[in-house]
Structures are given as C-alpha cells and as structure tokens.
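Written out below as structure tokens is the structure these notes cover.
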RNA sequence: GCGCCUGUAGUUCAGUGGAUAGAACAUCGGCCUCCGGAGCCGAGGGUCGCAGGUUCGAAUCCUGCCAGGCGCACCA
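Numbering (this note's numbering), first residue to last: 67 to 620.
What follows is the structure, given as structure tokens:
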C-alpha cells in the first residue's frame, strides 16, 4: 500500500522527463515535491527545472515549460504552470481529490498504511529508566516519543518491538538496596541515616514498610546476605510502579529486557571475546579497556571491566546491542535523554565494529523538559528531590494533554510544558482544540442520524456538490495525509503530526462556521456528511498514532 | 578547555538549499435567529544571535565568534 500523493506526482514527472529527453537523462537529480508557501502557487510544486538547468546549462524557463506541457496531460492535475525563476506549480484535479476522499472512507485507518517496511522489523527502546525511583516528567517525554515513533513505524509497515532495558544490577542497585535496608532499620527504631550517596527519596520509606512485612528478615543476617535479597525486592517493587505509570500513560512493551540476563547466558563474555578477536580490547592498570579511539577519532578509550572485576554499564550495553543485532532488526532506535549525549559516539563506535549496517542504529536524543505554571517556572531539580513525577503530571493534566504537549516539539528542542495551558478546556489549548473538532463532527453525525439523514456509501455519494474552497482545502489536506505520516515516520519526527492535526482541525472549524452540513438539500447534506466523516477518520487516525484519544463527546 | 543540542514575532515554537520566513498563544478590533460560540474572522508585530564564506539562490550548508542547555567516570 502506498497512498503517497508526492510519490505519484514524482513518478508522473519522471515519466514525462524520460519521454521527452529519451536516453539523454539516465537519472534525475533528487528533486523536491512539496507544498508551496502560497496558495496561488497551487497544491504542490517542484524545483526540478532549477536542478536540471544547472546540469545541462539550459535556462530553467525552457526546461520548465517543456516539462509543464507534458505534465498538463496527466489526469491528476487540473493546472500545471511553470513559474519563474524555476518552479513548476501543480494543482490536483477535483476528480482526484474526490476519489481520494472516497478512498479514505473505504480504507479508514489503512489509508495511511504503507507496505514499505513489510517483512522488516524495527526495535524501539525507550524510557529504560533505572529502577531506582519513580518516573519523572522527562521520562514522560521519552515514553510519548518512543510510543508515537513505534506507532508511526508500524504505519509504514514495519513489525515494531517496543522494549524497556532494565538496569537491574550494578553499583546503583546495591546502593539502592542499602538505602532500603537503612530505612527498614529506621522503622525498627534504629538510629541510622541514609548516606549522601544513597537514595533518600520518600518512596523508599513506603517500600521499606512493605519489605518489613513481606520479607521477614532477621536482624542478625549479615549485609552480604541481606543486600542481594533486598536488591531483588526493591527492583521488583519500583518496577511495578514504573509499569503502572507507563500503563496509565498507555505505553505497553513487548519486552522488558533485564541487564542481568546478559550475564546469565554468557552473552557478555561472548561479545567481549568477539571484540578481543578484532583487537579492540586491552588491559591497563588492572582494568579492561575498549579501544574507542581506534574506531572514532577524538574519542577516549573506555573501561569495560573495572579493577575490582565488575563490568561497567558500557560493557553490558555492548552485549545488549549485539543481542539486538542478532535478533535481526532492520533498524534499531534508541531514545535517550540529553544527559546521555556524550555516550552516543561510544555506542556508535560499538555498532560499527559489531557490523551494524550504516544508519541501522538511530539514536534520538531528547532535550530536557521545563515545567511551567502560567508564566512561572516550576522547580524540577532532581537533586533537591522535588522533581515532579510522571504520576503527578498525569494526575494533573491527564494522559492526552501530556502526550500532545510532549509531542508538539522537535525532540532536539527544549520543551516548555505549561501545566495551566494543558489543563484548559478552551481552544487556546491545542489538544482540546483538536479533540473538540473530532467531538463536534461526531455530534453533527449523531444529529443527522437522528433526523434520518445517514452518511452515504462511497458508491452512492455525489461529491460534485462539494464546490466551496473550504471543502476543497479539507480534501487537499486529507489527500496529503499519507505523505505526512510517511515523512514523520521515516524521519522519526512525530511532532510534525501534532502540527498537521492542528491544521486540519482549523480547516474544519473554519468550514463549519461558513457552511451548514445538514441542510434542506438532502444530496448536499449527504456529500458534506461524507466529507466530515473523512475528517473524523483522519483526526482519529493521527491521534491514534500519537497515542491520544479521540472522544466522541466532551 | 573539549563534544553535542539550541538561538527565528512580546512568548512558546514550525520551517528535508528555493519564490514576499509561518503557526499557536498573548495584544488590539470584529462575528452568535440556525448542526456543540468549547467556535470563527481581521490587524499590528521579524536586522531568522553576530560576522564572514560556498552558489543562480542560505533561517537552512561551511568557518569563526557570542549566549543558553546537556555532557565530558574504573556512575548509569
């Protein structure tokens, strides 16, 4: 499947060019087909004449005119115009737009499905927060991003695996368990304090109470025996909360991958010996090092196994990425917070030596989230322990608003999250605005049905009655939806979809204020009901990709 | 000091080398006999951080500065 209008147009252009110049032009330069800035310039435009002129030395005008006259014979265009200095502006024919509208109603959410990823699987690993405390708002951004990207890739036809990598072993977990142990003893009345480098959050006190009841630990047990026991317990408890939060946020994983698995089945040592064979490992100062410097210029070598014999996180991560590769993913997407930015070259180097194809590993770095209440910044310092948890955010603004806001900016961009705005049930709030468009359509459809006017089948509707510019704008916007989904998916940039949603909602509201859907003219009512039904389908579809609900009533 | 990200309207941000740089919010001014006014329309507002360069063409690519963020562990 492929309902991309841009591909259709590109192919038409290619055919025309090839038939005109015969074998003179073997391959065309990478030309662009996109929406022009101004309405007068048509629905789509291409810069091909510019690009051809620089090659052949001809003027863009002459080339442009020749291609234009060839294209004007194509049925999908109603108007083809060369525009100085080097564009061809294209208008899609009404019959094409109307056929496409019918296609939307027939295919529904499959309208935006592509088969280009068929037979290939993709893994998206995201959030993967350490199980040492509750998720905070930053993890919410990761969750929204990862889930939307996964949905989007699913639309492109890939089989998508969502995965959470759990660091369930290592020094931090030991510190966590020790902190818990201290909290438990405090409850028993012992005078002990959680150390500076421990985990001092209140949540451990709650877990300590549960641990005290469930574990039945005898005081005389040595630390050596207690800590492993408590480690398991505390990781399980915190992970339970993390799962709950994510579940509430609408995120489900196909797999929770535990770091400890890599040790149990020897993956780690196998991977390291693989690197050793390649001569990328050496010993120095009692530690085992990876020769990052020989793979990537300017990088430092990194420790894999410490002096004390323990492996570093980096070592596990190498084994983990080897495991991903072995599972045969066509593409692997890692979503990390900005605080891991320095880690990227290292893991890229690893991917390279493990034999990942170029670009098979995509690492998305998202910038930090700043919470605001009105204009005022909400303190979110982890250090002071007063960070806002994902749970609190969901309590306050809800899942839909949280997702929409997280997805409304490029991941490279710092995110200002205005809690007040997110809560508002007014059109300044973009989530509300978009959802309202959907609910409003549902309301009209309900009213029409009550009056005995039913939305017709694609075979029966007379779309020639849709003649106003507002109707055409909606049809055009809908026709270009598959391209939007494709581009957002290929670039792993779901934020484009929130923008598109706002555009289509706005076109609908504008149409609504200018025209009545239910009129005395039954045939016209049918045509308009058909149109708004299509709008409803695409809004719900896009919201679905973003993991946001499309309410029928609000 | 080094690396990466960011710098675009009062604010928050879009803008895969193309035409006169856009949106939302905010501000100001308008629009309801009638399908959800929980909506719509209009106006003002910009040296695209600064300076060079690349080319037919630069917010976009390159170089150098300036400012903010995040990193720079035998933590994860």
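Glycine residues also receive a C-beta, built at the ideal position from the N, C-alpha and C atoms.
Residue i in three-state terms, based on DSSP
i: residue 468; result: helix
i: residue 564; result: helix
i: residue 110; result: strand
i: residue 326; result: helix
i: residue 371; result: strand
i: residue 103; result: coil
i: residue 580; result: helix
i: residue 225; result: strand
i: residue 29; result: Lying outside 67 to 620, the shown extent of the chain, residue 29 is not represented and no answer is given.
i: residue 377; result: strand
i: residue 83; result: helix
i: residue 386; result: helix
i: residue 396; result: coil
i: residue 265; result: coil
i: residue 232; result: strand
i: residue 308; result: helix
i: residue 571; result: helix
i: residue 246; result: helix
CB of residue i within 8 Å of CB of residue j, strictly
i: residue 561; j: residue 474; result: yes
i: residue 413; j: residue 389; result: no
i: residue 223; j: residue 190; result: no
i: residue 407; j: residue 202; result: no
i: residue 599; j: residue 171; result: yes
i: residue 549; j: residue 72; result: yes
i: residue 588; j: residue 519; result: yes
i: residue 434; j: residue 267; result: no
i: residue 312; j: residue 381; result: no
i: residue 511; j: residue 521; result: yes
i: residue 115; j: residue 177; result: no
i: residue 75; j: residue 99; result: yes
Pairwise C-alpha distance: residue j and residue i
i: residue 305; j: residue 181; result: 36 Å
i: residue 219; j: residue 70; result: 15 Å
i: residue 363; j: residue 369; result: 17 Å
i: residue 385; j: residue 106; result: 56 Å
i: residue 132; j: residue 526; result: 40 Å
i: residue 174; j: residue 128; result: 43 Å
i: residue 81; j: residue 197; result: 57 Å
i: residue 411; j: residue 570; result: 40 Å
i: residue 463; j: residue 317; result: 17 Å
i: residue 83; j: residue 619; result: 51 Å
i: residue 615; j: residue 427; result: 31 Å
i: residue 495; j: residue 336; result: 53 Å
i: residue 540; j: residue 331; result: 56 Å
i: residue 221; j: residue 567; result: 17 Å
i: residue 269; j: residue 325; result: 23 Å
i: residue 262; j: residue 329; result: 30 Å
i: residue 447; j: residue 436; result: Here the model assigns residue 447 a pLDDT of 49, short of 50, so the residue's position is not dependable and the matter cannot be decided.
i: residue 376; j: residue 238; result: 13 Å
i: residue 417; j: residue 188; result: 16 Å
i: residue 168; j: residue 611; result: 22 Å
i: residue 604; j: residue 517; result: 25 Å
Pick from the options that is closest to residue i, judged by C-alpha positions
i: residue 148; options: 135, 139, 301, 435; result: 135
i: residue 110; options: 300, 360, 543, 190; result: 543
i: residue 421; options: 438, 399, 392; result: 392
i: residue 479; options: 211, 177, 507, 502; result: 211
i: residue 482; options: 533, 432, 423, 137; result: 432
i: residue 351; options: 334, 373, 340, 360; result: 373
i: residue 399; options: 118, 332, 230; result: 230
i: residue 441; options: 487, 477, 427; result: 487
i: residue 308; options: 607, 139, 200; result: 200
i: residue 538; options: 555, 521, 263, 574; result: 574
i: residue 78; options: 265, 140, 68, 96; result: 140
i: residue 321; options: 234, 289, 397, 227; result: 227
i: residue 319; options: 260, 161, 194; result: 194
i: residue 514; options: 582, 457, 419, 345; result: 582
i: residue 264; options: 249, 272, 245; result: 245
i: residue 443; options: 470, 485, 493, 118; result: 485
i: residue 476; options: 163, 208, 85, 176; result: 208
i: residue 159; options: 153, 146, 150; result: 146
i: residue 405; options: 430, 74, 415, 155; result: 430
Residue i: CB within 7 Å of a non-hydrogen atom of the ligand FAD
i: residue 236; result: The ligand FAD is not part of the structure shown, which contains no ligands of any sort.
Uninterrupted beta strand (DSSP E) stretches inside the region 333-365 (no shorter than 3 residues): 347-350, 353-356
message: Runs of 4 residues minimum, wholly inside the region 461-533: which ones carry the alpha helix (DSSP H) assignment?
response: 465-472, 485-489, 496-516
Unbroken stretches of the alpha helix (DSSP H), 4 residues or longer, contained in the region 121-168: 126-137
query: Where in the region 176-208 do unbroken runs of the beta strand (DSSP E), each at least 3 residues long, occur, reported from the N-terminal end onward?
result: 187-191
- request: Any chance you could list the beta strand (DSSP E) runs of at least 3 consecutive residues sitting entirely within the region 398-457, in chain order?
  value: 427-432, 435-439
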